[in-house]
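A quick write-up on the structure given underneath.
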């Protein structure tokens, strides 16, 4: 079974355990939030690492992968709400609160966070200690101190700790993804945590670049939100060219830090896929076009709007 | 150490693990949501049962008790938001979104849900299997199928399954509280689950009565929300007198179903305290006054407003 098929099967199993049995409109909202998904990058990383580490209990990796994606989906639903991005679109469809109302969007996010932990905690396993470690790692990457809740909260602070902001906003869940793959397979976690974190930092820079450069059709969501909302970003910090160079550097570091393992080539390809997906060649060309415009201010009007 | 002191110490330890290290404004919002608390009824039930079952690892009970209260606090914060109750007051102070804004109130709720699971998952224990069971029980009582997320979601449905609504809105977390006490102590869970559920049902009926009868000063929150918002309630189902009789019946059943255990008398007293706290003698008198008014419609104006 290829990874994509395995992930969707794991997601459906996890969803069936609780979400299907929710009150009817909430169940529909939960499904809208989770299916069809995006690239499922976090569960893909988790399972790829689990396989590379010679997993002995695949269902444990499956449940951890589903938990990571549920947390990610929950964060998208809550970030889209009017008190944050007030996003109209998500993955090319109406955002959850536009389709189901703010009340159900709020509850769907809450329900997905809880389900992430519940379906993992209920996974039968011969390795209860691994289960507790998986739950703790995913919670830490989601939580208010150094997880995605913290990442979002930094945007409401007057003074932003940029390093903590970037690490918690994206890198934490990537770090958790590769860590969970190792834990599920009973392997040492430190080297896998490090390469996941580097990849997550690269992803955050690519996301910042996309926000400045990308187009709505490609991303399936409104763009220039960071600039509109005055958020800190790698672009405002390093400039366009600096951010692109930073992205390339982080991508290389992430790839080079993948530990020796079975079929390391596949993991290298997955890392390259992750970066290329958010920063495709067209975006690199767009950076060059913007820079050319900035050198010749008269032709800048179309891009500075 | 009495239960109240033990609970606050456990809550502070759990809070310190993650919430204290959140971005500054979020950390402040999290503290506002958790301290000072209300009666801490759910953790009190959990620890009282754990003691009654002869707990062998008190820190496990402490962490479960803190998790239950964090989930409860999270539900209060999210229920108070404008898309639900739009509450101005909570525990006699400004509600979280009135004090910190909707964005931080949303994140504080999310952060408390995650923290509930994280601090429990990170609890060192010689009983990893008990830990997984505690996490699963608390998640189920919080979640979208039969937990408090489901309870809130039933209020957004056109057709309400009244039994599921009542069970998930309050009874689920009470059932989890007594269950967790038993699990933390390594005791059989079924009899403790049953008496917790009965107490939770009684609590829900008392809450419905308080909403119709109570006064704002006693509850520290706006009243008559159920009626204003057209929500299903025990009062609209059974009438005032019927609801009061139902409450008394459930309270007795709950008390009588407490399994044989060490110092059963203390548990009986705790159950009586829980019911009396939400349905004090003054409320019983108020029910009688309302009924008298209903028999003499001319004097009804002050109460039907």
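Chains as they are written, first to last, in this note's numbering: chain A, 1 to 305; chain B, 1001 to 1305.
Beta carbons are placed, not taken as given, at the ideal position from N, Cα and C, and that holds for glycine.
Quick caveat: nothing in here was measured; it's all calculated off a predicted structure.
Asked: For residue 90 of chain A, which beta-bridge partners are listed by DSSP?; Found: A/93
Asked: Taking only runs that begin and end inside the segment 243 to 301 of chain A, name each unbroken alpha helix (DSSP H) of 4 or more residues, in chain order.; Found: 264 to 278 and 281 to 295
Asked: Throw me the rounded Cβ distance for the residue 127 of chain A and residue 55 of chain A pair, which I believe falls under 8 Å.; Found: Not really, about 11 Å apart at Cβ, beyond 8 Å.
Asked: Is DSSP giving residue 1357 of chain B helix, strand or coil here?; Found: Any answer about residue 1357 of chain B is impossible in this case: the structure gives chain B only from 1001 up to 1305.
Asked: Distance check for residue 1124 of chain B and residue 186 of chain A, CA to CA, integer angstroms please.; Found: 19 Å
Asked: Taking C-beta pairs closer than 7 Å, name the residues in chain B that residue 121 of chain A reaches, listed in chain order.; Found: 1132, 1135, 1136 and 1139
Asked: Given residue 1099 of chain B, which residues of its chain have a CB within under 7 Å of its CB, disregarding the five upstream and five downstream residues?; Found: 1032
Asked: Can a CB atom of chain A be found closer than 9 Å to the CB of residue 1152 of chain B?; Found: yes
Asked: Evaluate contact between the segment 1015 to 1026 of chain B and the segment 1095 to 1114 of chain B, counting only Cβ atoms and requiring at least three cross-stretch pairs below 8 Å.; Found: yes
Asked: Against residue 252 of chain A, what residues of chain B qualify as contacts under a CB-to-CB distance less than 8 Å, listed in chain order?; Found: Within 8 Å Cβ-Cβ: nothing; residue 252 of chain A doesn't reach chain B, min ~31 Å.
Asked: State buried or exposed for residue 1291 of chain B, treating a residue as buried only when at least 16 other CB atoms are found within 10 Å of its CB.; Found: exposed
Asked: Do residue 1188 of chain B and residue 1194 of chain B have their beta-carbon atoms positioned less than 9 Å apart in this structure?; Found: no
Asked: With H, G and I counted as helix, E and B as strand and the rest as coil, what does DSSP make of residue 1058 of chain B?; Found: helix
Asked: For residue 1237 of chain B versus residue 1243 of chain B, is the C-beta spacing smaller than 9 Å?; Found: yes
Asked: Using a C-beta to C-beta distance shorter than 9 Å, which residues of chain B count as neighbours of residue 94 of chain A?; Found: Correct list: empty, because the minimum Cβ distance to chain B is about 17 Å.
Asked: Could one say the Cβ of residue 389 of chain A lies closer than 9 Å to chain B's Cβ atoms, at least one of them?; Found: Nothing about residue 389 of chain A can be read from this structure; chain A reaches only from 1 to 305.
Asked: Residue 1001 of chain B: which of B/1248, B/1038 and B/1062 sits nearest, CA to CA?; Found: B/1062
Asked: Check whether chain A comes within 9 Å of residue 1084 of chain B, counting only Cβ atoms and requiring the distance to be less than that.; Found: yes
Asked: What would DSSP say about residue 191 of chain A, mapped onto helix, strand or coil?; Found: helix
Asked: So, for residue 14 of chain A: in the same chain, excluding its five sequence neighbours on each side, which residues have a beta-carbon less than 6 Å away from its beta-carbon?; Found: 66 and 119
Asked: Grouping DSSP H, G and I as helix and E and B as strand, with all else coil, what is residue 1156 of chain B?; Found: coil
Asked: Taking only beta-carbon positions, decide if residue 72 of chain A is within less than 9 Å of chain B.; Found: no
Asked: Which chain B residues sit within Cβ distance under 9 Å of residue 76 of chain A?; Found: The contacting residues do not exist; residue 76 of chain A stays about 13 Å from chain B at best.
Asked: Count the C-beta pairs between the segment 1159 to 1179 of chain B and the segment 1087 to 1095 of chain B that are closer than 8 Å, then say yes if the count reaches three, no if not.; Found: no
Asked: Using a Cβ-Cβ cut-off of less than 7 Å, give me the residues of the segment 1178 to 1206 of chain B that come near chain A, in sequence order.; Found: none
Asked: Check each residue of the segment 1149 to 1173 of chain B: if its Cβ is closer than 7 Å to any Cβ of chain A, include it; give the result in chain order.; Found: 1149, 1150, 1152, 1153, 1154, 1156 and 1157
Asked: Starting from the beta carbon of residue 21 of chain A, find every residue of chain B whose beta carbon is closer than 9 Å, and list them in chain order.; Found: 1144, 1145, 1146 and 1150
Asked: Among residues of its own chain, excluding the 5 on either side of residue 1197 of chain B, which ones have a beta-carbon nearer than 6 Å to its beta-carbon?; Found: 1171 and 1175
Asked: By how many angstroms is the C-alpha of residue 1161 of chain B removed from the C-alpha of residue 160 of chain A?; Found: 46 Å
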